[in-house]
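Participant: In my numbering, the protein residues as written are 649 to 1128.
#1: Below 8 Å, how does it come out for the region 738-753 and the region 801-813: are there three or more Cβ pairs, yes or no?
#2: Measure the C-alpha to C-alpha separation of residue 952 and residue 795 and round it to an integer number of angstroms.
#3: If you run the structure through DSSP and keep just helix, strand and coil, what is residue 758?
#4: Measuring alpha carbon to alpha carbon, tell me which residue in 792, 935, 758 is nearest residue 822.
#5: What's the gap between the Cα of residue 908 and the Cα of residue 765?
#6: Once you ignore the five residues that flank residue 1119 on each side, which residues in its own chain have a CB closer than 7 Å to its CB?
#7: May I have the straight-line CA-CA distance separating residue 1086 from residue 1100, to the nearest angstrom?
#8: Label residue 1116 either buried or exposed according to how many other C-beta atoms from any shown protein chain fall within 10 Å of its C-beta, with 16 as the threshold for buried.
#9: Following the continuous alpha helix (DSSP H) through residue 1109, name the residue where it begins and the one where it ends.
#10: So which of 1108, 685, 1083 has the shortest CA-CA distance to residue 854?
#11: Looking only at its chain, what residues have a beta carbon closer than 6 Å to the beta carbon of residue 793, apart from the 5 residues adjacent to it on each side?
#12: Taking the straight line between their C-alpha atoms, what separation do you get for residue 849 and residue 696?
#13: Within 10 angstroms of the Cβ of residue 830, are there 16 or more other Cβ atoms? Answer buried if so, exposed if not.
#14: Answer with buried or exposed for residue 930, where buried requires no fewer than 16 other C-beta atoms within 10 angstroms of its C-beta.
#15: Mind checking residue 1060: buried by the 16 CB within 10 Å criterion, or exposed?
#16: To the nearest whole angstrom, what separates the beta carbons of residue 758 and residue 789, a pair I think is in contact under 8 Å?
#17: Using the C-alpha atoms, what's the distance from residue 700 back to residue 835?
#18: Shortest alpha-carbon distance to residue 785 belongs to which of 1056, 1074, 1084, 1111?
#19: Go ahead and pull the three-state DSSP assignment for residue 807.
#20: Measuring straight from C-alpha to C-alpha, what distance separates residue 728 and residue 845?
#21: Where does residue 1030 fall in DSSP's three states?
#22: With residue 856 as the anchor, note down where its alpha helix (DSSP H) starts and where it stops.
#23: Out of curiosity, what's the CA-to-CA distance linking residue 802 and residue 886?
#24: Is it right to say residue 933 is buried, meaning 16 or more other beta carbons lie within 10 angstroms of its own, or is it exposed?
#25: Quick one: measure Cβ to Cβ for residue 689 and residue 818, integer angstroms, because I've assumed they're closer than 8 Å.
#26: Around the C-beta of residue 717, are 16 or more other C-beta atoms found within 10 angstroms, so that it is buried, or is it exposed?
#27: Leaving out five residues on either side along the sequence, give the residues of the same chain with a beta carbon under 6 Å from the beta carbon of residue 1027.
#28: Whole angstroms is fine: what's the gap from residue 1111's alpha carbon to residue 1029's?
#29: Counting C-beta neighbours from all protein chains within 10 Å, is the total for residue 833 16 or more, i.e. buried, or is it exposed?
#30: Measure how close the beta-carbons of residue 1052 and residue 1011 come, nearest whole angstrom, since I'm counting them as under 8 Å.
#31: Answer yes or no: do residue 1018 and residue 1041 have a C-beta to C-beta separation smaller than 8 Å?
#32: Considering Cα atoms alone, identify which of 840, 814, 816 is closest to residue 826.
#33: Measure the alpha-carbon distance for residue 1078 versus residue 904 and round it to whole angstroms.
#34: Which value, in whole angstroms, describes the spacing of the CA atoms of residue 760 and residue 843?
#35: Starting from the C-beta of residue 740, find all residues in its chain whose C-beta is less than 6 Å away, skip the five residues before and the five after it, and write them out in chain order.
#36: May I ask which residues mark the beginning and end of the alpha helix (DSSP H) holding residue 780?
Shown next as structure tokens:
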């Protein structure tokens, strides 16, 4: 008797859960298709990064006009890096607990505050205060979370790689537009334009991004049933993620592999003047050149035909749904082809193709090897022309290693923790920015530009031997 009552209650709970999932799935998938949300995310990210690079171009000149010296500007940059470093894990946990739309909303509200305060920065104090909202300004990790949630593990590398296109467009348009507007209309005018752009992104997030992007699978529901800390910032949760099998190894490779080159890029404004003898305009052109390289190295979008693999992905999506939902979807499929089946097939120009043909371990070792070659070339570099040539493998190594490590990290954690692990992953760049001015200044002042190259070579050789000796990743497979 008690068993019958228990089974009846379980059946009722299952029906209520399926009804809830059906309502949620109707809102997040049927009304706003996955492909549409992904494309909207790319557009929002492009606009946001364009605004971000507009302020990167004008802040040094604004700081100089307010009487801030080189040491003070270094403190300003360090504050920016520390705030981003602290905020990245918080942002990831916030996304896991409240959804990607809430996280992106928080990010673009913070971005709007940055440009509002920057537009009012008539003294050094206000300039430093304008850095504080950066603790919650994580548009790129937010976009990574949305795309990771809405794509299958086989699609992660290709989908995340396309964010490099957004990044490249942001560098090119933002850097040039910020300087042009500041020259023609004054140093504060780009802040007003960027503020409008960030508010536009905020509106688009509220309109086009679903409240919850994580798929409601049985595996995900099981992970949510595991007791976890409810705190947005929890050192215990961060430690738990980092101690999962293979996570710490991948994270350390991500941090160490590009650290010397990252330090070099942080010091580049000084190196460009003292070592390359470049003027401000020439340095700006060089930044745009990097943007073009990133775009061409990462991705090219081409529309293709329906393939058996996309049909298989659709079948897997159907199978992962509760029974009632799967039956309903199969009925809908007979009436009208699914958007998931007829969606365009994207292929990468360089990295996209590599991820389709080579295993993750192979690409990881390849990127570390290329970093070693970049380090040797930097150690022997004497002029800006040589640097422009070195930039090709440098950008390739950065993009490949960044995409592959993010894919490996997201595949190594439960779906309910993808936001948190991507937030931790995103803290690598702020960490470099935080320690960069101090360590980079010491290396450049004491040993010169070649020190960055030799350090990169040594670290790359050590990492290559480490990856060769230890099985990383634990489950070797092709990205695709």
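Ideal Cβ placement from N, Cα and C applies to all residues, glycine included.
Predicted, not measured: the structure shown is a model, and the values here were computed from it.
Facilitator: Looking at the atomic coordinates:
#1: no
#2: Here residue 952 scores only 37 on pLDDT, less than 50, and its place in the model should not be relied on; the value that follows carries that caveat. Taking the straight line joining both Cα atoms gives about 20 Å.
#3: helix
#4: 935
#5: 33 Å
#6: none
#7: 14 Å
#8: exposed
#9: 1098-1117
#10: 685
#11: 743, 748, 1067, 1070
#12: Cα to Cα, residue 849 sits roughly 7 Å from residue 696.
#13: So residue 830 counts as buried.
#14: The residue in question, residue 930, is exposed, as its Cβ has fewer than 16 Cβ neighbours within 10 Å.
#15: buried
#16: The pair is not a contact, with the Cβ atoms about 13 Å apart (cut-off 8 Å).
#17: 15 Å
#18: 1074
#19: Helix at residue 807.
#20: 21 Å
#21: Correct three-state label for residue 1030: coil.
#22: 837-856
#23: 26 Å
#24: exposed
#25: 14 Å between Cβ atoms; not a contact.
#26: Answer is exposed; the Cβ neighbour count stays below 16.
#27: 1098, 1101, 1102
#28: 23 Å
#29: exposed
#30: 5 Å
#31: yes
#32: 840
#33: 14 Å
#34: 5 Å
#35: 1067, 1068, 1070, 1071
#36: First-last for residue 780: undefined, no H or E at that position.
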